[in-house]
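Written out below as structure tokens is the structure these notes cover.
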Amino acid sequence: MTTSYPTTTVWAVVLAIGVLTFAIRFSFLALFGSGSAGGRSGAGETVSPRIRAVLRYVPPAVLAALVFPAIVTIEPTVIETLSNDRLLAGAIAAAVAWRTESVIATITVGMGALWALQFLL
Amino acid sequence: MNVPTELRTGVRDVLPLFLGIVPFAVVFGVAAVDAGLSAAQAVGLSVFVFAGASQLATLDLLARDAAVPVVVLTAVVINLRMLMYSASLAPYFRSLAGRSKAVLAYFLTDQAYALSVAHYGPLGEAEPSGVSDRRWYYLGVAVSLWVVWQLGTVAGLVLGTGVPDGWGLDFTVPLVFLALLVPAMKDVPTTVAGVCGGVVAVVAAGLPLNLGLLVGATVGIVAGLLAERGPR
């Protein structure tokens, strides 16, 4: 799939995300001045516990919301849904990711499995 | 002050991580070609944003013509975790000038944060090693990552234009996310967050403006918080 947004819109998106991401990165570094109080040693103690609790679940929730729809497509029957190339290859890759926690191993095995399944099925 | 030593230590410590970063960057370059971005726009994302997961999600949503606010909001949510890194690193760099801190902030990534905090150890009262040394270790790690990320992006752009669609290289994108997702589900509440977020995103995939991703992510976060408070 390719985007149908004009070049200027894509650039606006790039710049907006860039500026906002920098603001997030700079936030607490900028706030902590050399004269300011708060010499406690705790890492990240300046973020309230409630926000920290929410931030803890952002990575698994967002990553899963990106991964699942890319490998699971709901078909009319359960058999058709489960026998999808990408779902099977994704399941094999998930096992590799779990055992190795390696990006390169996950990509290699996942792509290999996809090509093998496309060739066989 | 021991600039060269700390800088060199940082570079040495980050070398093994390139094994994970290089394929990630190359996948981003390939996916950018697939999504119809120009080479300049792809490099623009890598330079201005410099945060892999949000860059890939941005491509994915742009390719599906998701509403612009949804694209920006999704990327920002993915990068919110850096609030914690910023807060956690702030005390170590307190005495630096604002401009120096802005430079450090620009280069902030998961890897730069994790390696640096591990290297510095807990903040002591006396602070034996100076802030300058800390800065050079951080820059050794973070700037190396930046250079490798940019080179990997360009390599992916070159590769992406030469690979036929039939190879299904777009599948590498969910595979990268999968490789990041599995270690992120490290206990019961984070696993609940992941499973709920993923299932809801599949069900909500047909929503307009491509809101399915944000709906899934939101439900996942709430489910994680509920699981944390629920009976063990």
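Going down the list, the protein sequences come from chains L and Z.
In this text, residue positions in the first sequence follow this note's numbering: the first is 1, and each later residue adds one.
In this text, residue positions in the second sequence follow this note's numbering: the first is 1001, and each later residue adds one.
For glycine and all other residues, C-beta sits at the position ideal for the given N, C-alpha and C.
Helix, strand or coil at residue i [DSSP, three-state]
i, result
"Z:Tyr1120", "helix"
"Z:Pro1208", "helix"
"Z:Val1147", "helix"
"L:Arg52", "helix"
"L:Pro76", "coil"
"Z:Pro1069", "helix"
"L:Val47", "coil"
"Z:Asp1187", "coil"
"L:Phe68", "helix"
"L:Thr81", "helix"
"Z:Gly1230", "coil"
"Z:Pro1164", "coil"
"Z:Ser1132", "helix"
"Z:Arg1094", "coil"
"L:Thr3", "coil"
"Z:Thr1218", "helix"
"Z:Thr1109", "coil"
Residue i burial status per 10 Å Cβ neighbour count (16 or more: buried)
i, result
"Z:Ser1086", "buried"
"L:Ala70", "buried"
"Z:Phe1024", "buried"
"Z:Gly1121", "exposed"
"L:Glu80", "exposed"
"L:Arg40", "Unreliable placement is indicated for L:Arg40, whose pLDDT of 47 sits below 50; the coordinate value is still reported in the next sentence. Exposed is the call here."
"Z:Asp1170", "buried"
"Z:Met1185", "buried"
"L:Leu15", "exposed"
"L:Phe32", "buried"
"L:Ser4", "exposed"
"Z:Gly1162", "exposed"
"Z:Thr1074", "buried"
"Z:Thr1005", "exposed"
"Z:Asp1165", "exposed"
"Z:Pro1208", "exposed"
"L:Phe119", "exposed"
"L:Ala95", "exposed"
"L:Arg25", "buried"
"L:Gly18", "buried"
Cβ-Cβ separation, residue j to residue i (assumed contact under 8 Å), whole Å
i, j, result
"Z:Ile1078", "Z:Ala1112", "With 8 Å as the limit, Z:Ile1078 and Z:Ala1112 do not qualify as a contact, their Cβ atoms being about 17 Å apart."
"L:Ser27", "Z:Leu1096", "Actually they are not in contact, since the Cβ atoms of L:Ser27 and Z:Leu1096 sit about 15 Å apart, beyond 8 Å."
"L:Leu114", "Z:Gly1168", "6 Å"
"L:Met1", "Z:Ala1063", "4 Å"
"Z:Ser1116", "Z:Leu1089", "7 Å"
"Z:Ala1237", "Z:Val1026", "This structure does not reach residue 1237 of chain Z, given that chain Z is present from 1001 up to 1232, and the question cannot be answered."
"L:Ala61", "Z:Ile1221", "5 Å"
"Z:Phe1177", "L:Leu63", "5 Å"
"Z:Ala1223", "Z:Ala1193", "6 Å"
"L:Phe22", "Z:Gly1198", "At roughly 30 Å, the Cβ-Cβ gap does not stay under 8 Å, so L:Phe22 and Z:Gly1198 are not in contact."
"L:Val13", "Z:Val1076", "Between Z:Val1076 and L:Val13 the Cβ distance is about 11 Å, and since that is not below 8 Å, they are no contact."
Start and end residues, alpha helix (DSSP H) containing residue i
i, result
"L:Ala105", "Val103 to Leu120"
"Z:Pro1183", "Thr1172 to Ala1184"
"L:Thr7", "Thr7 to Leu31"
"L:Arg86", "Asp85 to Thr100"
"Z:Val1103", "Gly1098 to Tyr1106"
"Z:Gly1020", "Phe1018 to Asp1034"
"Z:Gly1052", "Gly1052 to Ala1063"
"Z:Ala1277", "Limits of chain Z in this structure are 1001 at one end and 1232 at the other, which puts residue 1277 of chain Z out of reach."
"Z:Ser1088", "Met1082 to Leu1089"
Min CB distance residue i to chain C below 8 Å
i, result
"Z:Gly1230", "The question asks about chain C, but that chain is absent: this structure's protein chains are L and Z."
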